[in-house]
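Residues in the sequence shown are numbered consecutively from 1, following full-length UniProt numbering. Note that beta-carbon positions come from the ideal geometry of N, C-alpha and C, so glycine has one too.
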Amino acid sequence: KAIISEIDGIVRIYEDAKEITVINPKENKTQTYKVSDNTFVIVKNGSLVKAGQSLVDDGSIKAEFDGMVRLKSEGSRIVVFNKETGQQRDYKVPKGKFIIVKDNATVKAGDPLTDGSPNPHDILKVMGVEELAAFLVKEAQIVYRLQGVEINDKHFEVIIRQILKKVKIVDPGDGRFLLNEIVDKADLEEEIQKVLSEGGRPPKAEPVLVGITKASLTTRSWISAASFQETTRVLADAAVEGKVDPLKGLKENVIIGGLIPAGTGIEEYAEVDVVLEEEKITTEEN
Numbered sequence: 001k002a003i004i005s006e007i008d009g010i011v012r013i014y015e016d017a018k019e020i021t022v023i024n025p026k027e028n029k030t031q032t033y034k035v036s037d038n039t040f041v042i043v044k045n046g047s048l049v050k051a052g053q054s055l056v057d058d059g060s061i062k063a064e065f066d067g068m069v070r071l072k073s074e075g076s077r078i079v080v081f082n083k084e085t086g087q088q089r090d091y092k093v094p095k096g097k098f099i100i101v102k103d104n105a106t107v108k109a110g111d112p113l114t115d116g117s118p119n120p121h122d123i124l125k126v127m128g129v130e131e132l133a134a135f136l137v138k139e140a141q142i143v144y145r146l147q148g149v150e151i152n153d154k155h156f157e158v159i160i161r162q163i164l165k166k167v168k169i170v171d172p173g174d175g176r177f178l179l180n181e182i183v184d185k186a187d188l189e190e191e192i193q194k195v196l197s198e199g200g201r202p203p204k205a206e207p208v209l210v211g212i213t214k215a216s217l218t219t220r221s222w223i224s225a226a227s228f229q230e231t232t233r234v235l236a237d238a239a240v241e242g243k244v245d246p247l248k249g250l251k252e253n254v255i256i257g258g259l260i261p262a263g264t265g266i267e268e269y270a271e272v273d274v275v276l277e278e279e280k281i282t283t284e285e286n
């Protein structure tokens, strides 16, 4: 997967070396220095250094004599630093991964730093739900268009909405949810309104991306979930927990033979009387 920048800033690229060895074959001298994890190597493998020259960014390691550098490298390290905010992010790049940004380049949050396809979870964390949704639609369209198939974006958006409907609780507040619990957005909104009405501190959450199967099995409707997969387990869980199905979705209403919540089946139209024009004219004439 590609590594993406979490912040806006300037890129610095260093060798991810645990040891620096300085060799002087003429004087038959060799000296090896250990490099700590929070220190950045500022010399390149094979470069020539002078006695007293700094080998790391904080100056804690200096060459004791003239010589050539040999690094025991495990890859590279990319550091993105924002001067205005003081934020810094450090990314380790394994060997074989190609860095696509230059040293001292300016990047924005979400920009790729290495080759490869970005991880959707990273996009969600850095850029948010809307950017992730746009990315998923674009990637899905690429697959179908390569086969000459034209599909409207709305069909993908329906699925993406389902896999992005869950949130993770990062601050329970005065609500009933637990820390790191995965809940439905609708349940969270209901809990927030309830807590606020009681004068409490509302819970806070961050969006999460789940797979299509998990999204289907963790829907608010246990009837809908049971009709998808793992029917026995879903029904057993619903029975043990005493779940009540709110019957708010299309699928569960189709299963029980009820009106679907669409068109005239929407609750707000339930008490509306529909009068045909012919009946209205007849009534007025009488």
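- Judged by DSSP secondary structure, Ile142 falls within the alpha helix (DSSP H) whose first and last residues are 129-146.
- The DSSP-derived three-state label of Thr213 is helix.
- The criterion of a C-beta distance shorter than 9 Å is not satisfied by Leu124 and Ile78.
- Residue nearest to Glu84 within the set Glu241, Leu259, Ile7 is Ile7 (criterion: CA-CA distance).
- The beta carbon of Lys92 sits closer than 7 Å to the beta carbons of Asp16, Gly75, Arg77 from its chain, once the five residues preceding and following it are set aside; these are given in chain order.
- When secondary structure is reduced to three states using DSSP, Val158 falls in the helix class.
- Between Val69 and Ser5 a beta carbon distance of about 28 Å is seen, past the 8 Å cut, so the two are scored as non-contacting.
- Within the same chain, Ala17, Lys18, Glu19 come within 7 Å of Lys72 by CB-CB distance, once the 5 residues on both sides are set aside.
- Rounded to the nearest whole angstrom, the CA to CA distance from Lys204 to Val170 is 6 Å.
- Assigned with DSSP and collapsed to three states, Ile7 falls in coil, not helix or strand.
- Gly265 and Glu150 have their C-alpha atoms spaced approximately 32 Å apart.
- With at least 16 other beta carbons inside 10 angstroms of its own, Ala226 counts as buried.
- Pairwise C-beta distances place the stretch 202-220 in contact with the stretch 155-164, as three or more of them are shorter than 8 Å.
- In the three-state scheme derived from DSSP, where H, G and I count as helix and E and B as strand, Arg176 is classed as coil.
- The three-state secondary structure of Leu247, taken from DSSP, is coil.
- Boundaries of the beta strand (DSSP E) harbouring Val80: 67-81, taken from the DSSP string.
- Take the alpha-carbon of Glu64 and the one of Gly52: they are about 6 Å apart.
- For Asn24, the pairing in a beta bridge is given by DSSP as Lys29.
- Lys138 has its alpha-carbon roughly 11 Å from the corresponding atom of Glu157.
- Under DSSP, Lys166 takes part in a beta bridge, and its partners are Asp184.
- Look at Lys18 here: in three-state DSSP terms it is strand.
- DSSP, reduced to helix, strand and coil, places Arg12 within a strand of the structure shown.
- Counting the other Cβ atoms within 10 Å of the Cβ of Gly9 gives 16 or more, which makes it buried.
- For Ala236, the uninterrupted alpha helix (DSSP H) run begins and ends at 231-241, by DSSP.
- If you draw a straight line from the Cα of Asn253 to the Cα of Pro246, it is about 10 Å long.
- DSSP places Val195 within a helical segment (H, G or I) once states are collapsed to three.
- In this structure, Ile13 and Asp90 do not form a Cβ contact; the two beta carbons are roughly 11 Å apart against a cut-off of 8 Å.
- The stretch 236-244 makes no contact with the stretch 189-208: fewer than 3 CB pairs, one atom from each, lie closer than 8 Å.
- Here DSSP, grouped into helix, strand and coil, assigns Val41 to strand.
- With distances taken between CA atoms, Lys26 lies nearest to Asp66 out of Gly249, Asp66, Thr32.
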